[in-house]
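Have a look at this one:
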């Protein structure tokens, strides 16, 4: 991710989620790979990653070559925890409210990760931008969550971009779902439906103001301007918005739970449809 800073709520504002319970499976999530450790059968290996506390097996030869601890990743590692995929494309640095779309997606991702960190069993977080997917960050508790907060705020997610790996249990926080330009959009139309979808959009995307030039950013990070008072632009914009809504409706029929969220509404209330009440254990 780039070197810019995202405007996110202070960490203390996320404490409101510490007594919330999500209406999702909290454990024993099946993997999409082979789980058995029968005699003579090693779990399938998906790849290599820097060693973390939650890692299961050491890649001995790779560790020796690189002079640092390297872990083998298997379907067991990838499927044991729910995964959160966050759309963090630079083209989402657009907003008419207090946060850009990119910042709101990061904020909501932190909220979900906090719930999983406090209530258990934890989660794994990946970000998607124009280049692909970041390496997964495993969240087991609040110290891991603080690291995630800092990484998202500084747009410094771990390297090691991968291809379009489809997780077994996942929640996607994304924006435009029409153009399959990122791994999230590719997986949204795959044969493995996610647990939940959070579609985030700015009110200007639904109803652009009757005014002149508006500053935007393209996927390459270049700034340009559009004349939103031009009738031809507004007609084309309406067609694009209607296409997005149809695509969202198709996706929402395949997911366990869906949320449509506008950036001009309180971010703390975004997940109310997914809450099962405070945890009073």
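Numbering (my numbering), first residue to last: 804 to 1084.
C-beta atoms are modelled at their ideal positions from N, C-alpha and C, and glycine is treated no differently.
Helix, strand or coil for residue 1008, going by three-state DSSP, please let me know. helix
Measure the Cβ-Cβ separation of residue 916 and residue 887 and say whether it is below 8 Å. Yes.
Tell me which residues share the same chain as residue 927 and place their Cβ nearer than 6 Å to its Cβ, disregarding the 5 neighbours each side in the sequence. 884, 886, 939, 941
Starting from residue 1029, trace the beta strand (DSSP E) both ways and give me its first and last residue. 1026-1030
Run of the beta strand (DSSP E) containing residue 890, from where it starts to where it stops: Counting along the chain, the beta strand (DSSP E) containing residue 890 begins and ends at 886-890.
Counting C-beta neighbours from all protein chains within 10 Å, is the total for residue 839 16 or more, i.e. buried, or is it exposed? Residue confidence for residue 839 is low, a pLDDT of 28 falling below 50, so the modelled location carries little weight and cannot support an answer.
Cβ of residue 825 within 8 Å of Cβ of residue 1078? yes
In this structure, what does DSSP give as the bridge partners for residue 940? 928
Is the number of C-beta pairs between the stretch 907-923 and the stretch 1067-1075 that are closer than 8 Å three or more? yes
Residues of its chain near residue 899, where Cβ-Cβ distance is below 6 Å and the 5 sequence neighbours each way are ignored: 1005, 1007
For the alpha helix (DSSP H) holding residue 1047, just list the boundary residues, first then last. 1034-1055
What residues in its chain sit with their C-beta under 7 Å from that of residue 1014, if we drop five residues either side in the sequence? 1031, 1032
For residue 973, write down the residues that DSSP places opposite it in a beta bridge. DSSP output for residue 973 lists 886 as bridge partner(s).
Taking DSSP's pairing of strands, which residues face residue 1060 in a bridge? 999
Give a yes or no on whether the C-beta atoms belonging to residue 935 and residue 920 are separated by under 8 Å. no
By DSSP, does residue 1013 sit in helix, in strand, or in coil? coil
Anticipated Cβ contact below 8 Å, residue 814 with residue 918, distance rounded: Incorrect: roughly 14 Å between the Cβ atoms, too far for contact.
Let me make sure I understand the geometry here. Which of 1074, 972, 946, 1066 has the alpha-carbon closest to that of residue 994? 972
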